[in-house]
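Visitor: Here the UniProt record's numbering is used: position 216 in the sequence shown is 216, and no number is missing along the way.
For glycine and all other residues, C-beta sits at the position ideal for the given N, C-alpha and C.
Since this is a predicted model, take the numbers as computed values, not measurements.
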Amino acid sequence: MDEFGAAHPSDGEPAENGAWSPDEVAVLTEAMDQAPSVHNIQPWSLGVKERTATIYEQVGPELSRHDPEGRDRRISCGAALTNLVLAVADLGWEPQVRRDPEGADRPEAVAAVTGHRRGETGDSESRRYEAIARRASYRQAFHDRAVPEDIRQRLLSAATSSTVQAEWVGSADVAALARLLIYAASVHRGDRSYQRELAMWTLEEGVPAERGIPAEALGSEGVPAVGLATSEVRIPDEHKLAERIAKESILVLTTPSDEPGDHLHVGEAMELAWLEAVSQDTAASVMTQPLRLSEVRTRLVEMLGISGVPQVLMRFGYPRPAE
1 MDEFGAAHPS DGEPAENGAW SPDEVAVLTE AMDQAPSVHN IQPWSLGVKE RTATIYEQVG
61 PELSRHDPEG RDRRISCGAA LTNLVLAVAD LGWEPQVRRD PEGADRPEAV AAVTGHRRGE
121 TGDSESRRYE AIARRASYRQ AFHDRAVPED IRQRLLSAAT SSTVQAEWVG SADVAALARL
181 LIYAASVHRG DRSYQRELAM WTLEEGVPAE RGIPAEALGS EGVPAVGLAT SEVRIPDEHK
241 LAERIAKESI LVLTTPSDEP GDHLHVGEAM ELAWLEAVSQ DTAASVMTQP LRLSEVRTRL
301 VEMLGISGVP QVLMRFGYPR PAE
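Structure representation (structure tokens):
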């Protein structure tokens, strides 16, 4: 990460009165901008005062069909918070995090991170920070190579906290998960309002844009095809989809309840697991749309025998070799 070398603070305070310098603020902003977000809309803004960086949730643009209750928007803010915390630590400060901060200047403040005092960055934090710039969604079918068990354990640990639980989909649950994903994809493919909204946010192939989903990035086969179903997607056969699921590592992230704070927490956990995957040279992508159907969430809880609310499905694997 040579491009960030000049932005690291020297010994002592980074700027007059202990405030972060413009170069340091640029590091924080860039880290947040590289966080994953629903339809790449980056539904947040950053405010900086002295050595405190505050994340504000931005409600617009509205995704009334894809994300009517704002779950994905807040999950996106949680992912940005993870990147912000890692960036503060990489600048040489011990990050102090306050979620839903009291006394914030604006009600839409979701978290504040303060450079509390000078601190050393641990190996895992350094690896994950360096992975921020390399993180990307792999929305294609993975290579048949399985993720080793030691890496799966690292991913599970990264995603698990006192507020988020993570569970691998086991071989006994593959067929049932395939049925659930096919059901959800069929519902969304037939929802005209949903499809109109998705089309509005889908970019034509080769068209650069800061927001929206590149058409070429949408999955066309295997598990990705049912994660974000377009009107033209060919929903795979249940048996074939189950075979693909069995070759992937799929992690279910759940929260105790379904409140805004839960969504923020699961976004943090999701990004930690994603960055850990990148640091282990493993690819990943996320599916949330199937879980926006309450019947799918209910059935998934019954299937896995878990408590809480499923919020995110994470896929891990290895990219296919370039042809």
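With 7 Å set as the bound, which would you pick, yes or no: does the beta-carbon of serine 162 sit closer than that to a beta-carbon of chain B?
Guide: In summary, chain B is missing from the structure at hand, where a single protein chain is found.
Visitor: For alanine 269 versus phenylalanine 316, is the C-beta distance shorter than 7 Å?
Guide: No, these two residues do not count as a Cβ contact at 7 Å.
Visitor: Within the continuous alpha helix (DSSP H) that includes isoleucine 182, where are the two ends?
Guide: From DSSP, the alpha helix (DSSP H) with isoleucine 182 extends over 174-189.
Visitor: For histidine 143, is the classification buried or exposed, using 16 other Cβ atoms within 10 angstroms of its Cβ as the cut-off for buried?
Guide: Counting Cβ neighbours within 10 Å, histidine 143 comes out exposed, since fewer than 16 surround it.
Visitor: Can you give me the start and stop residues for the alpha helix (DSSP H) that tryptophan 274 sits inside?
Guide: 260-279 is the extent of the alpha helix (DSSP H) around tryptophan 274.
Visitor: Give the list of continuous alpha helix (DSSP H) stretches no shorter than 4 residues that lie fully inside the segment 207-242.
Guide: Listed in chain order, they are 222-227.
Visitor: With a CB to CB cut of under 6 Å and the five nearest residues on each side skipped, what residues in its chain are close to alanine 185?
Guide: The residues are Val226, Ala229 and Ile235.
Visitor: Using CA coordinates, which residue listed in Thr163, Gly122 and Met32 is at the minimum distance from proline 260?
Guide: Closest by alpha carbon: Thr163.
Visitor: When we look at the beta-carbon of alanine 26 and count the other beta-carbons within 10 Å, is it buried (16 or more) or exposed?
Guide: Under this definition alanine 26 is an exposed residue.
Visitor: For asparagine 83, which residues in the same chain have their Cβ closer than 7 Å to its Cβ, ignoring the five residues on either side in sequence?
Guide: The residues are Ala31, Met32, Gln34, Ala35, Ile132 and Glu271.
Visitor: Could you say if the segment 155-170 and the segment 304-313 meet the contact criterion of at least three C-beta pairs nearer than 8 Å?
Guide: Judged by Cβ distances under 8 Å, the segment 155-170 makes contact with the segment 304-313, as three or more pairs qualify.
Visitor: Please go through the same chain and pick out, in chain order, the residues whose beta-carbon is closer than 6 Å to the beta-carbon of valine 169, but skip the five residues on each side of it.
Guide: Result list for valine 169: Leu177 and Ile250, in chain order.
Visitor: Name the residue from Val286, Ala146 and Cys77 whose alpha carbon lies nearest to the alpha carbon of leucine 218.
Guide: Out of Val286, Ala146 and Cys77, Val286 has the C-alpha closest to the C-alpha of leucine 218.
Visitor: Using a threshold of 7 Å, state whether the C-beta atoms of arginine 99 and alanine 89 are closer than that.
Guide: No, these two residues do not count as a Cβ contact at 7 Å.
Visitor: Can you tell which of Glu210, Asp237 and Ser220 has its C-alpha closest to the C-alpha of proline 43?
Guide: Considering only alpha carbons, the answer is Glu210.
Visitor: When you compare only the Cα positions, how much space is there between arginine 320 and aspartate 237?
Guide: Between arginine 320 and aspartate 237, the C-alpha separation is close to 22 Å.
Visitor: Taking the straight line between their C-alpha atoms, what separation do you get for asparagine 17 and valine 59?
Guide: In this prediction, asparagine 17 has a pLDDT of 48, which is less than 50 and means its spatial position is unreliable; what the coordinates show is noted afterwards. For asparagine 17 and valine 59, the distance between alpha carbons rounds to 33 Å.
Visitor: Could you tell me the alpha carbon to alpha carbon distance between residue 324 and aspartate 191, rounded to whole angstroms?
Guide: This structure cannot settle anything about residue 324, because the visible part of the chain is limited to 1 through 323.
Visitor: Hey, which unbroken runs of the beta strand (DSSP E) at 3 residues or more fall wholly within the segment 9-70?
Guide: List check, beta strand (DSSP E) in window: 44-49 and 52-57.
Visitor: Looking at the structure shown, is proline 319 part of a helix, part of a strand, or coil, going by DSSP?
Guide: Looking at proline 319 - three-state DSSP - the assignment turns out to be coil, as it is neither helix nor strand.
Visitor: Inspect the beta-carbon positions of alanine 242 and alanine 175 and report whether they are closer than 7 Å.
Guide: Yes. Within cutoff.
Visitor: Within the continuous alpha helix (DSSP H) that includes valine 301, where are the two ends?
Guide: That run of the alpha helix (DSSP H) goes 294-304.
Visitor: Check whether the Cβ atoms of arginine 154 and glutamate 248 lie closer than 7 Å to each other.
Guide: Not in contact: arginine 154 and glutamate 248 (Cβ atoms no closer than 7 Å).
Visitor: Residues in its own chain within less than 7 Å of isoleucine 151 by CB, not counting five upstream and five downstream?
Guide: Gln280 and Thr282, listed in sequence order.
Visitor: Could you tell me if aspartate 2 is buried or exposed, where buried requires 16 or more neighbouring beta carbons within 10 angstroms of its beta carbon?
Guide: Interpretation of aspartate 2 is limited by its pLDDT of 31, a score under 50 that renders its predicted location unreliable; the figure taken from the coordinates is listed afterwards. Exposed.
Visitor: Between glycine 115 and proline 95, how many whole angstroms is the CB-CB distance? I'm expecting something under 8 Å.
Guide: With 8 Å as the limit, glycine 115 and proline 95 qualify as a contact, their Cβ atoms being about 7 Å apart.
Visitor: Could you tell me which whole beta strand (DSSP E) segments of length 3 or greater appear in the segment 63-108?
Guide: The qualifying runs are 93-99.
Visitor: Are valine 38 and serine 64 close, meaning C-beta to C-beta below 7 Å?
Guide: No, these two residues do not count as a Cβ contact at 7 Å.
Visitor: Taking the CB atoms as reference points, tell me whether glutamine 195 and serine 231 lie closer together than 7 Å.
Guide: Contact flag set, yes.
Visitor: Do you know offhand how far proline 107's Cα is from threonine 54's?
Guide: Going by the C-alpha atoms only, they are around 12 Å apart.
Visitor: Have a look at the DSSP bridge pairing and note the partners of glutamate 204.
Guide: Beta-bridge pairing links glutamate 204 to no other residue.
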